[in-house]
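Working notes, structure below.
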Amino acid sequence: MTEITDSSSGNNFVLGLEDNAMDSLEHSVEHLCAAERDTDLKYTVLHIFHATELFLKARLAKDGLEQIYKNKKVEPDGYTVDFKNIIKRLHQIGVCLSEQDKSDLEFLRKVRNSIEHYEFAGDYEQIENYVGRAMRFLKIFLYKELGLDLQNELTERTYEALLNAFGSYAERMAEHNISLHPKDYGVEHDLLLCEQCHKEAVAFPDPTSKDRTVHCFRCEVRYFVKFCLRCECLILSLIEPGETTAQDFGDDFNEDEEGWFCDRCIKEIAERDY
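In structure tokens, the structure reads:
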């Protein structure tokens, strides 16, 4: 449990939690990039879990500062709820975590606890998987619940390191035919191949998008989503730099456009007409 000695206002307190969480992410990446000693890997885990816990508390505090206190009373010297009760209280205020989210968070907690109470025995690949799994959760949760985009909040070096960890984690999951987003917020997701980095890291629907665009969780390029008029399969159209709205797509945004066919249908139509 965390002792709180700062009695600042609710909004400032939430911002303080977010800032401290971002600092912990930065420290986590510093240790991951160094990885010269076992202690670097150990502190990678401890810092990124601390960041995750602070972000969850920030979401609770956003609903009311009393939510993060054990007795739901704002006290300068009070104690905040433990990790399991954070999850319960998030559910009580209407923040619905998917079963995948809960599984990831429980995994992160157990690894953190084992490191705190027992001798550290992980290797670089295992810790990179840990960071990647945390990144999968944080990227979506922060965007949906706190309106935060990690790319805008972190240094370029830190964000790139987190993306690389997520990419390596995604590749290992793909090798075992495990979806990164089997069920997020009650929606089924498909994982599609990115034509830029050639990794299966484009989630559709994109849990971080509010329009008809998706993005690659590995290299960050964005795509416009459309469907083949003949077979109704999904087609991704790369969004060039500078294109930001539906109008920027020009004729491609017209759903009656006859050119909206997938490569397979284009080939079959050509063979039929020939």
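Under my numbering, the residues of the sequence shown are numbered 3 to 276, in order.
Beta carbons: idealized from backbone N, C-alpha and C, even for Gly.
- Around I95, the same chain offers D65 as residues with beta carbons nearer than 6 Å, after the five sequence neighbours per side are excluded.
- Around the beta-carbon of G149, fewer than 16 other beta-carbon atoms lie within 10 Å, marking it exposed.
- Per DSSP, R138 is one residue of the alpha helix (DSSP H) stretching across 126-143.
- A residue is called buried when at least 16 other Cβ atoms come within 10 angstroms of its Cβ; E108 does not meet this threshold and is exposed.
- Looking at the backbone, the Cα of L156 and that of S30 are separated by about 12 Å.
- Pairing T210 with K112 gives a Cβ-Cβ distance that is not under 8 Å.
- Taking all protein chains in view, the Cβ of H52 is crowded by 16 or more other Cβ atoms within 10 Å, so the residue is classified as buried.
- Pairing R135 with Y171 gives a Cβ-Cβ distance under 8 Å.
- Take Q153, set aside five residues on each side of it, and the residues of its chain with a beta-carbon closer than 8 Å to its own are Y161, E222, in chain order.
- Rounded to whole angstroms, D103 and R274 show a C-alpha spacing of 48 Å.
- The C-beta of F226 has 16 or more other C-beta atoms within 10 Å across all chains shown, which makes the residue buried.
- Remark: fewer than three beta-carbon pairs, one from each stretch, lie closer than 8 Å, so the region 66-76 and the region 43-52 are not flagged as touching.
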